[in-house]
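Taking it in order: structure first as structure tokens, then the write-up.
Residue numbers (the numbering used here), protein chains in the order written: chain H, 915 to 1069; chain P, 5 to 414.
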């Protein structure tokens, strides 16, 4: 009798454990599958920053992003042509080079030392005023909208 | 009807699919990945990702990209069998798909360590996003970690864990860290730099066993017999290529799937690219297998061109990078034991380059916190006129100035 109830208890614990693991895995998967939603207004009613990537000769890519979004990540996740981001945002490959349009330059933070060096290594020549690495640009706070030109070549 | 099947949805596999479309390939493309995740970038996993910000993974392409480019991506499915005569691949879910060309981009998996205790909770590897999520959770609760292996991943993780304030011990069986890949000069510098970060780097000591209590790790035991109490053990002891699918299909394997200079296996309809491919190298290497993003992407682009009708022998300059806390290491070319080396830059500081010469010519350049030298090195090494040791020894020689006179690489 004691053995039987122990076995039962043991099974019960196992079932509990497996259910928990299954739930955990499912939730993990759900989270991973979540796609950035196309919204113009965030859940709190704040307007979302708009990022425009201009391409020579073709239609511009316009993205609505969350405040705090990284420009390179946003571009890669939305398959913006011409933004490669090969090093994953470490400012080590200079393949997310963009030319920021003048009116939006001021709101951006200053160029870091690493970024400055890599900008001298871009495939399309650096513009001393407008060149930035998208991986070093965070949209907001202070940066509401931004427009950039994507160079012809990154690699 | 032409149908390209790509097995493996990592950097290489995704790049093959993407480049096929860029080359104008109009046939069907199926990309088979065993992970459930949407294809993501691996390098950040051992750096910022595990250091704790609650950020999602950096994707390789958007989900939309695959639909827009008519790439049939099958996630969470394994390719289980290749029928070479019938030109078909069987999947774990029972599907059988016919191919006109098959690309194996199966990658590599963490080396197994046959040591007692490695199945304890708190002993981890870092290869996949799933691994990284688990590790990040453990890191947030741990006070200390023992990293086994002072390779790229081990040292990147060690630096990230130090930044989070964990006590970090690194065990490395060799007398120098990353001695297979780096010159002694760079290796020694990294040793000092990691010790300066507060990491207890133990050279010449491997892992003998892991001790635990109620299924959870409590200490790592080194080959010296010393026990290092810890909450977490990360095994970073290298990888082995995933060549089992090729092997079971009767394709030659030799530390990776053997391919010719066109990256074709012994079966002309089957290619292999990335971490899993063993390809012919320039002398002195007979065969090479490289684990890097550049190698994955370049080989993928190359095979896509071949399938689209433009085959050519593969020859690309190998590139590597590693971010270890304040250390930004970039390598162009392959350094070899026995290379003559020369150092340029601030020798005492943390910003310099090591030039490696073989047969009197520049063969590789390692740069630390010196991206300008690295980019210059890429151009110089990819050019038709490799530098001689004498040229570099000239007073006033500058790699960057020299590179300016060359056409851009690639």
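Cβ coordinates follow ideal geometry from the N, Cα and C atoms, glycine included.
{"Query": "Return the residues of the segment 130-163 of chain P that lie within a Cβ-Cβ distance of less than 9 Å from chain H, sorted by chain order.", "Result": "133, 134, 137"}
{"Query": "For residue 18(P), which of helix, strand or coil comes out of DSSP?", "Result": "helix"}
{"Query": "Excluding sequence positions up to five away, which residues of its chain have a Cβ less than 7 Å from the Cβ of residue 150(P)?", "Result": "173, 175, 224, 232, 234, 237"}
{"Query": "Can you check whether the CB of residue 45(P) is closer than 8 Å to the CB of residue 24(P)?", "Result": "no"}
{"Query": "If distances are taken between C-alpha atoms only, which option among 182(P), 171(P), 153(P), 258(P) comes closest to residue 209(P)?", "Result": "153(P)"}
{"Query": "What does DSSP give as the partner residues of residue 276(P) in its beta bridges?", "Result": "108(P)"}
{"Query": "Runs of 3 residues minimum, wholly inside the segment 230-285 of chain P: which ones carry the beta strand (DSSP E) assignment?", "Result": "231-233, 237-239, 243-245, 274-276, 281-284"}
{"Query": "Do you know offhand how far residue 215(P)'s Cα is from residue 138(P)'s?", "Result": "20 Å"}
{"Query": "In chain order, what residues of the same chain lie with their CB nearer than 8 Å to the CB of residue 951(H), ignoring the 5 residues before and after it?", "Result": "A caution first: residue 951(H) carries a pLDDT of 40, below 50, which makes its placement in the model unreliable, though a value can still be read off. Counting only Cβ-Cβ distances below 8 Å, and skipping sequence neighbours, we find nothing."}
{"Query": "Mind listing the chain H neighbours of residue 416(P)? Cutoff is C-beta to C-beta under 7 Å, in chain order.", "Result": "Here chain P has residues from 5 to 414 only, and residue 416(P) is not among them."}
{"Query": "Looking at the structure shown, is residue 946(H) part of a helix, part of a strand, or coil, going by DSSP?", "Result": "Because residue 946(H) sits at a pLDDT of 40, beneath the cut-off of 50, its placement in the model cannot be relied upon, and the point is left open."}
{"Query": "Is the CB-CB distance between residue 429(P) and residue 377(P) below 8 Å?", "Result": "Shown here, chain P extends from 5 to 414; a query on residue 429(P) therefore has no answer."}
{"Query": "To which residues of the same chain is residue 159(P) closer than 6 Å at the C-beta, ignoring the five residues directly before and after it?", "Result": "328"}
{"Query": "Can you tell which of 1059(H), 1029(H), 961(H) has the C-alpha that lies nearest to the C-alpha of residue 1015(H)?", "Result": "1059(H)"}
{"Query": "So what does DSSP say about residue 221(P), is it helix, strand or coil?", "Result": "strand"}
{"Query": "Could you tell me the alpha carbon to alpha carbon distance between residue 1034(H) and residue 99(P), rounded to whole angstroms?", "Result": "50 Å"}
{"Query": "Could you check which residue in 113(P), 321(P), 361(P), 88(P) has the C-alpha nearest to that of residue 292(P)?", "Result": "321(P)"}
{"Query": "Kindly indicate which residue of 247(P), 303(P), 305(P), 107(P) has the alpha-carbon position closest to the one of residue 7(P).", "Result": "107(P)"}
{"Query": "For residue 289(P), count neighbouring Cβ atoms within 10 angstroms of its own Cβ and tell me buried if that reaches 16, exposed if not.", "Result": "exposed"}
{"Query": "Taking just the CA atoms, how far does residue 192(P) sit from residue 315(P)?", "Result": "42 Å"}
{"Query": "Just tell me which of 333(P), 85(P), 400(P) has its CA closest to the CA of residue 182(P).", "Result": "333(P)"}
{"Query": "Closest by CA to residue 178(P), which one among 166(P), 195(P), 400(P)?", "Result": "195(P)"}
{"Query": "Can you list the residues of chain H that residue 65(P) reaches, using a CB-CB cut of under 8 Å?", "Result": "990, 993"}
{"Query": "So with Cβ pairs under 8 Å, would you call residue 355(P) a contact of chain H?", "Result": "no"}
{"Query": "So residue 29(P) and residue 274(P) are in contact, right, with Cβ under 8 Å, and what is the actual spacing, rounded?", "Result": "With a Cβ gap of about 17 Å, residue 29(P) and residue 274(P) do not count as contacting."}
{"Query": "When we look at the beta-carbon of residue 1049(H) and count the other beta-carbons within 10 Å, is it buried (16 or more) or exposed?", "Result": "buried"}
{"Query": "Determine the chain H residues that contact residue 376(P) at a beta-carbon separation under 8 Å, and present them in chain order.", "Result": "1031, 1034, 1035"}
{"Query": "For the segment 317-348 of chain P, which residues have a CB atom closer than 8 Å to at least one CB atom of chain H, in sequence order?", "Result": "325, 327, 332, 334"}
{"Query": "Are the segment 984-994 of chain H and the segment 1021-1040 of chain H touching, with three or more C-beta to C-beta distances below 8 Å?", "Result": "no"}
{"Query": "Is the CB of residue 69(P) under 8 Å away from at least one CB in chain H?", "Result": "yes"}
{"Query": "Please list, in chain order, all residues of the same chain as residue 147(P) whose beta carbon is under 7 Å from its beta carbon, the five residues on each side excluded.", "Result": "170, 171, 235"}
{"Query": "Out of curiosity, what's the CA-to-CA distance linking residue 115(P) and residue 962(H)?", "Result": "45 Å"}
{"Query": "Identify, in the order they occur along the chain, each residue of the same chain with its Cβ nearer than 8 Å to the Cβ of residue 949(H), setting aside the five sequence neighbours on each side.", "Result": "Any reading at residue 949(H) is ruled out, since the residue's pLDDT is 40, under 50, leaving its predicted position unreliable."}
{"Query": "By alpha-carbon positions, which one of 76(P), 360(P), 36(P) ends up nearest to residue 348(P)?", "Result": "360(P)"}
{"Query": "Got a sec, what are the start and stop residues for the alpha helix (DSSP H) residue 307(P) sits in?", "Result": "297-311"}
{"Query": "Could you tell me if residue 250(P) is buried or exposed, where buried requires 16 or more neighbouring beta carbons within 10 angstroms of its beta carbon?", "Result": "buried"}
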